[in-house]
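Q: The structure follows.
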């Protein structure tokens with residue numbers, strides 16, 4: 435066989451080998467590095483951000499809500515107005531889940547959850563030494579034990595008027611505290627809850643003021 439044909443075949447075989455090798459390289463494993471760990475979602479990072487104002491908001495709003503629920507519970511067999519009874523049930527339905535949310539915030543932040551609160555008697559029995567703020571003993575709008583006693587002793591239209599007057603003041607305190615959280619807090623979830631509380635209770639204040647005119 436002539437020499438030039440041997441050279442041509444050898445060159446062709448070499449080219450084919452190189453082409454196959456190239457194809458094999460393209461069908462192999464990816465060159466992207468393996469992930470070293472899942473990134474932390476931005477929402478999780480945001481939940482970890484909090485300050486003293488956030489803690490104070492949650493620690494004060496829990497017993498405040500507990501007292502509102504205790505007041506609402508009295509309406510079932512003491513109120514005469516169906517509208518007052520409906521409002522009381524609405525307050526309970528709104529604030530029960532909010533207490534759970536606020537409790538979850540404090541647990542996530544490693545802060546003390548208010549315990550031993552006597553909702554019927556303001557914030558008596560609460561261990562303020564466990565709370566991470568230097569706020570006054572009671573949040574604005576909280577009823578004193580004597581006021582709660584008066585409400586629990588009332589019936590009929592007398593209860594309706596007293597309940598509405600006390601709950602308006604109670605809600606006004608919650609609205610003021612919610613506004614403070616929105617301006618001083620840093621936790622986005624807590625601030626969002628504060629915004630919801632402000633909106634819902636502002637609307638309920640208007641409704642109670644209307645009911646009070648006919649009670």
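In this note's numbering, the protein residues as written are 435 to 649. Note that CB positions come from ideal geometry on N, CA and C, so glycine has one too.
1. Only counting the same chain, and skipping five residues up and downstream in sequence, which positions put a Cβ closer than 8 Å to that of residue 634?
2. Exposed or buried, what is residue 590 when buried is set at 16 or more other beta-carbons lying within 10 Å of its beta-carbon?
3. Looking at the structure shown, is residue 444 part of a helix, part of a strand, or coil, going by DSSP?
4. For residue 717, collect the residues of the same chain with a Cβ closer than 7 Å to its Cβ; drop the 5 residues on either side in sequence, then sort them by chain order.
5. Have a look at residue 495 and residue 535 and give me their C-alpha separation to the nearest angstrom.
6. If you draw a straight line from the alpha carbon of residue 509 to that of residue 503, how long is it in whole angstroms?
7. Using DSSP with H/G/I as helix, E/B as strand and the rest coil, what is residue 509?
8. Check this for me: beta carbons of residue 513 and residue 595, under 8 Å apart or not?
9. Suppose the cutoff is 6 Å on Cβ atoms and the five residues either side in sequence are ignored; what does the same chain contact list for residue 487 look like?
10. Helix, strand or coil, according to DSSP, for residue 574 in the structure here?
A: Working from what's here:
1. Only residues of its own chain outside the window of five on either side were considered, and among them 528 have a CB closer than 8 Å to the CB of residue 634, listed in chain order.
2. It is exposed - the Cβ of residue 590 has fewer than 16 other Cβ atoms within 10 Å.
3. Reliability of the predicted coordinates at residue 444 is poor, the pLDDT of 42 falling under 50, and the value obtained from them is presented with this limitation in mind. Residue 444 carries a helical assignment under DSSP once its states are collapsed to helix, strand and coil.
4. Look at the range of the chain in this structure, 435 to 649, and you will see that residue 717 is not part of it.
5. So the two alpha carbons sit approximately 11 Å from each other.
6. Taking the straight line joining both Cα atoms gives about 10 Å.
7. Residue 509 sits in a helix when the DSSP states are folded into three classes.
8. For residue 513 and residue 595, no; Cβs fall outside 8 Å.
9. Cβ contact annotation for residue 487 (same chain, cutoff 6 Å, sequence separation greater than five): 618, 619, in chain order.
10. Here residue 574 sits in coil by DSSP.
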